[in-house]
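A.B. asks: Before we start, here is the structure in question, set down as structure tokens.
2 protein chains.
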Amino acid sequence: MTSVADALARIRCVLANTSHPGNIGSAARALRTMGLRRLVLVSPQIFPHEQATALAAGAAEVLERAQVHASLAPALADCHLVLGATARRRGVELDELDPRAAAQRVLEASLAGQQVALLFGNEQSGLSNEEIQHCHAAITIPTDPDYGSLNLAQAVQVVAWEIREAWLARAGAPTLTASRDLPADAAQLDALFEHLARTLDAIDFHKGRSPEMILQRLRRVFLRAELDQREVRVLHGICADAMRMARLAGAQLGRAGEN
Amino acid sequence: MTSVADALARIRCVLANTSHPGNIGSAARALRTMGLRRLVLVSPQIFPHEQATALAAGAAEVLERAQVHASLAPALADCHLVLGATARRRGVELDELDPRAAAQRVLEASLAGQQVALLFGNEQSGLSNEEIQHCHAAITIPTDPDYGSLNLAQAVQVVAWEIREAWLARAGAPTLTASRDLPADAAQLDALFEHLARTLDAIDFHKGRSPEMILQRLRRVFLRAELDQREVRVLHGICADAMRMARLAGAQLGRAGEN
């Protein structure tokens, strides 16, 4: 019944007493890009509004399906875990989690079949003490102490992102498939280094110095680059052309010697 | 010299060809709340603008101190590591890092005294292929495949947040001393790539084919290798000797032509 795949569907974002419709739209977009689709609005000051729709961009569906409640209690009625985002310590005693720890807790609960709410308060005043009373713990984003004022949608973005990361880790992240060719193996690299060594000889790079150090240095460069097989072929091609030029030049020098 | 405390000061956010001044302001705020203060704008379509200032809120100072350049190269000239945010795969081959891995890499580089740039492209079109050419690797945010369109400032927020988390984890940790030579900066690498391009011409590597793809491929290889300044000198030396051979060979061919 409860699978990793549908864990995100049990997580809602509750925005309480939001002042600016634009922030509601931006929050919807932030949620949607992270795979979260459930938005709940508690007495928004202006909603619906064209600015919300504009800023939601492709996440308009999240706005359209948003539930709107006149008070907080019904918005949280079926929730098993409520975490409230707070910028600073309050008189209320509440465990504080950073977004990463909060995301772990949210995901554990959701995977266990629980309904979870992420609660965000008004842009200026944050969560009221009454709203804080509904929370099991606080989410506190460790911002710069000199200027910690995250925009509402940006706070939503950070928390939603951490939940997505936690979820991807559990779902088995879609691997960023290699955009490159097959990596070169050790034998292919050795052949390249050998070709490179002959090329440096041919173009008289060493000029009497020992080639050892330079070859080691170049080896390190190309090992660090983690060459793929196509790149190895390109580098072989360059060596071949440089050697061809050196042969032609040698013929020239030889001819000069003959004269 | 390099301490954890000032690591964030070596990290700049470069916004290229931004359309909407509001996004510049929101990005400034996102950076500032995460302890990042260096914003660089490359040919912003509208800047300065009251909307940027309004959305920057308490991060106005970041906007006021933002450098503005007409093109990308000078914005990156002294950078040792450039990571570009891309939403999707490109023809160009580039290692892709998720924001967490990218943040680790950014912080390692910065702790080693390197200048780091986070590069974000235009809101609609993202980074151009030309802009991508300046990047050592890509940052790709693993958004919901069904709707992955993060707003620019939200993408900045996610990356800045991960850098802050990585930084907080390191704050207090002993700094690593670099074991290699000073890394090459972007201007030094550009000079090397230019020398390499002339060398490939001289040794007739292209044989009538367009040099573009090969040069991009080689750029990738050497950017991935994160060359230090001594390595750049060695590679310049190899190019110089190959060109010398090509000149001699050309004289030979010319002579053959005369005969």
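As you go down the protein sequences, you meet chains X and L in turn.
For the first sequence, the working numbering assigns the number 241 to the last residue and increments by one with no breaks.
For the second sequence, the working numbering assigns the number 241 to the last residue and increments by one with no breaks.
Cβ atoms here follow ideal geometry from the backbone N, Cα and C, with glycine treated the same way.
(1) What is the DSSP secondary structure of Val121/X, counted as helix, strand or coil?
(2) Hey, Leu164/L and Gln106/L: beta-carbon distance below 8 Å or not?
(3) Grouping DSSP H, G and I as helix and E and B as strand, with all else coil, what is Leu93/L?
(4) Look at the Cβ atom of Val64/L, then the Cβ atom of His118/L, and state whether they are nearer than 8 Å.
(5) Using beta-carbon positions only, say whether Thr178/X and Leu200/X come within less than 8 Å of one another.
(6) Can you pull the chain L residues whose beta carbon is under 7 Å from the beta carbon of Leu209/X, in chain order?
(7) Taking the alpha helix (DSSP H) that Leu101/L belongs to, which residues open and close that run?
(8) Which class does His62/X belong to by DSSP, given the choice of helix, strand or coil?
(9) For the region 178 to 194 of chain L and the region 130 to 147 of chain L, state whether three or more C-beta atom pairs, one from each stretch, are separated by less than 8 Å.
(10) What is the rounded straight-line gap between the Cα of Val141/X and the Cα of Phe29/L?
(11) Would you check if the distance between the CB atom of Gln97/L and the CB atom of Arg(-8)/L is smaller than 8 Å?
(12) For Arg14/X and Ala38/X, what's the separation of their Cα atoms in angstroms?
(13) So the beta strand (DSSP E) His51/L belongs to, where does it begin and stop?
(14) What's the gap between the Cα of Arg82/L and the Cα of Thr68/X?
(15) When you compare the CB of Ala224/X with every CB in chain L, is at least one pair closer than 8 Å?
(16) Using a Cβ-Cβ distance under 8 Å, would Ser131/X count as near chain L?
(17) Whose Cβ in chain X lies nearer than 8 Å to the Cβ of Gln136/L?
(18) Taking only beta-carbon atoms, is Leu174/X less than 8 Å away from chain B?
(19) Have a look at Gly103/L and Leu58/X and give me their C-alpha separation to the nearest angstrom.
(20) What do you get for Ser(-15)/X, buried or exposed, if any count of 16 or more other CB atoms within 10 angstroms of its CB means buried?
(21) For my contact list, Leu54/L and Ala(-2)/L are in at a C-beta cut-off of 8 Å; report their separation, rounded to the angstrom.
(22) Closest to Ser110/X by CA distance: which of Ala168/X, Val24/X, Leu171/X and Arg20/X is it?
(23) Under 8 Å, Cβ to Cβ, is there at least one residue of chain L near Phe102/X?
(24) Out of Pro124/L, Ala153/L, Arg152/L and Ser131/L, point me to the one whose CA is closest to Trp143/X's CA.
(25) Kindly indicate if chain L contains any beta-carbon less than 8 Å away from that of Val(-14)/X.
(26) For chain X, is any of its Cβ atoms less than 8 Å away from the one on Ile220/L?
(27) Spatial neighbours of Gln49/L within its chain, please: C-beta separation below 6 Å, excluding the five flanking residues on both sides.
(28) Give the list of continuous beta strand (DSSP E) stretches no shorter than 3 residues that lie fully inside the region -11 to 34 of chain L.
(29) Within 8 Å (strictly less), CB to CB, does Gly154/X reach chain L?
(30) If you reduce the DSSP assignment to three classes, tell me which class Ala67/X lands in.
(31) Going by other Cβ atoms of all chains shown within 10 Å of its Cβ, with 16 needed for buried, is Pro244/L buried or exposed?
(32) Who are the near neighbours of Ala12/L in its chain, counting only those whose CB is closer than 6 Å to its CB and skipping five residues on each side?
(33) Spatial neighbours of Ala91/L within its chain, please: CB distance less than 7 Å, with the 5 preceding and 5 following residues excluded, ordered by chain position.
(34) Can you pull the chain X residues whose beta carbon is under 8 Å from the beta carbon of Ala39/L, in chain order?
(35) For Ala228/X, go through chain L and note every residue whose CB falls closer than 7 Å to its CB, in chain order.
(36) Quick check on this structure: which residue in Asp223/L, Gln86/L and Asn133/L has the alpha carbon closest to the alpha carbon of Ala151/L?
C.D. replies: This is what the structure holds:
(1) The sequence given here has Ile at residue 121/X, not Val. It is a strand residue.
(2) no
(3) Per DSSP, reduced to three states, the secondary structure at Leu93/L is helical.
(4) yes
(5) Checking the sequence shown, residue 178/X turns out to be Leu, not Thr. Cβ distance < 8 Å, so Leu178/X and Leu200/X count as in contact.
(6) Using a Cβ-Cβ cut-off of 7 Å, Leu209/X is close to Val203 of chain L, given in chain order.
(7) Counting along the chain, Leu101/L falls outside any alpha helix (DSSP H), though it belongs to the beta strand (DSSP E) covering Val98 to Phe102.
(8) Correct three-state label for His62/X: coil.
(9) Contact check between the region 178 to 194 of chain L and the region 130 to 147 of chain L: fewer than three CB pairs, one atom from each, fall below 8 Å, which does not count as touching.
(10) 30 Å
(11) yes
(12) The straight-line gap from Cα to Cα measures roughly 9 Å.
(13) Gln49 to His51
(14) 24 Å
(15) Yes - at least one Cβ of chain L is within 8 Å of the one on Ala224/X.
(16) yes
(17) Ser8, Arg11, Ala12, Thr15, Ala135, Gln136 and Gln139
(18) Of the chains in the structure shown, none is chain B; the protein chains are X and L.
(19) Their Cα atoms are separated by approximately 40 Å.
(20) The residue in question, Ser(-15)/X, is exposed, as its Cβ has fewer than 16 Cβ neighbours within 10 Å.
(21) 6 Å
(22) Val24/X
(23) no
(24) Pro124/L
(25) no
(26) yes
(27) Only Val22 meet the Cβ criterion.
(28) -7 to -2 and 20 to 24
(29) no
(30) strand
(31) The requested residue 244/L does not occur in the structure, where chain L is confined to residues -17 to 241.
(32) Ala135, Val138, Gln139 and Ala142
(33) His62, Leu63 and Val98
(34) Ser131 and Asn133
(35) Met227
(36) Minimum Cα-Cα distance from Ala151/L among the listed residues Asp223/L, Gln86/L and Asn133/L corresponds to Gln86/L.
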